[in-house]
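To start, the structure under review is shown below, and the notes come after it.
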Amino acid sequence: MADVHDKATRSKNMRAIGTRDTAIEKRLAGLLAHSGFTFTVQDATLPGRPDFVMADYQCVIFTHGCFWHHHNCYLFKVPGTRTEFWLDKIAKNVARDCRDIGLLAEQGWRVLVVWECALRGRKKLSDEALGERLEEWICGGGDCAQIDTQGMGLLDVTSRPDKM
Numbered sequence: 001m002a003d004v005h006d007k008a009t010r011s012k013n014m015r016a017i018g019t020r021d022t023a024i025e026k027r028l029a030g031l032l033a034h035s036g037f038t039f040t041v042q043d044a045t046l047p048g049r050p051d052f053v054m055a056d057y058q059c060v061i062f063t064h065g066c067f068w069h070h071h072n073c074y075l076f077k078v079p080g081t082r083t084e085f086w087l088d089k090i091a092k093n094v095a096r097d098c099r100d101i102g103l104l105a106e107q108g109w110r111v112l113v114v115w116e117c118a119l120r121g122r123k124k125l126s127d128e129a130l131g132e133r134l135e136e137w138i139c140g141g142g143d144c145a146q147i148d149t150q151g152m153g154l155l156d157v158t159s160r161p162d163k164m
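If you use the UniProt record's numbering, the sequence shown closes out at 164, no skipped numbers anywhere.
What follows is the structure in structure tokens.
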């Protein structure tokens, strides 16, 4: 199927897609603030530019879109057109995620990945459930972890971010 937009219009539309202050980041920021945590956002001095940095707890949080970071959930669908292009692009994102998470762990940071499906959609976690998981992980000093619709699980920093 051909693109319904010309190249200039498609380019303009793609440039408009934000990389910060997304709806899922705003929801997570609200939950963190409500729980009394202080944080900085988008720290460019750290590998991967984490969405949230809590230096007091030596931890960082990434909010990953399930499509862009290939989470094996109901929100990820392989595109029907230009499939090879998209799978290659997403594979590069996943490889970069693995590299950045590994570098952060080597530097002593604890890393939490909060998947988009935990924050929005029909299976999203409630604010109460998500807030409890966040507080449990931040204050508990546990290993690198991820939160999705199933709750919290370990994050293997040596392989793909969507593997528990």
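Glycine residues also receive a C-beta, built at the ideal position from the N, C-alpha and C atoms.
Whether residue i touches residue j by CB criterion (8 Å)
i	j	result
Asp-56	Gln-42	no
Tyr-74	Lys-123	yes
Leu-103	Ala-118	no
Gly-140	Gln-58	no
First and last residue of the uninterrupted beta strand (DSSP E) at residue i
i	result
Val-60	59–64
Gly-153	151–154
residue 188	The chain is shown from 1 up to 164; residue 188 falls before or after that span and cannot be answered.
Ala-145	145–148
Phe-52	52–54
Reference residue i, options the options, closest by Cα
i	options	result
Cys-98	Leu-155, Asp-6 and Arg-27	Leu-155
Ala-33	Asp-127, Asp-148 and Gly-141	Asp-127
Met-54	Gln-150, Ile-138 and Gln-146	Ile-138
Lys-92	Leu-119, His-70 and Ala-118	His-70
Ala-105	Pro-47, Leu-87 and Phe-67	Pro-47
Gly-36	Gly-141, Ala-145, Met-152 and Glu-132	Glu-132
Ile-101	Thr-45, Phe-62, Thr-81 and Leu-87	Phe-62
Thr-112	Gly-121, Asp-6, Arg-120 and Glu-135	It is Leu, not Thr, that sits at residue 112 in the sequence shown. The option with the nearest alpha carbon to Leu-112 is Glu-135.
Spatial neighbours of residue i in its chain, beta-carbon cut-off 8 Å, leaving aside the 5 residues before and after
i	result
Ala-29	Phe-39, Val-41 and Phe-52
Asp-143	Arg-110, Leu-154 and Leu-155
Gln-150	none
The alpha helix (DSSP H) enclosing residue i, as first and last residue numbers
i	result
Gly-140	127–140
Trp-86	83–106
Gly-36	Taken as a continuous stretch (DSSP letters only), Gly-36 belongs to no alpha helix (DSSP H), as it is neither H nor E.
Cβ neighbours of residue i in the same chain (closer than 6 Å, five flanking residues each side left out)
i	result
Val-4	none
For residue j and residue i, believed in contact at Cβ under 8 Å, the rounded distance
i	j	result
Val-114	Ile-90	With a Cβ gap of about 18 Å, Val-114 and Ile-90 do not count as contacting.
Gly-65	Glu-25	That belief does not hold up - the Cβ atoms of Gly-65 and Glu-25 are roughly 10 Å apart, past 8 Å.
Contacting residues, own chain, Cβ-Cβ under 7 Å from residue i (five flanking each side not counted)
i	result
Phe-67	Leu-75 and Phe-76
Lys-163	Here Lys-163 scores only 49 on pLDDT, less than 50, and its place in the model should not be relied on; the value that follows carries that caveat. Answer for Lys-163: Asp-156, listed in chain order.
is_contact[residue i, chain D] using C-beta, thresh 8 Å
i	result
Gln-58	In the displayed structure, chain D is absent; only one protein chain is listed.
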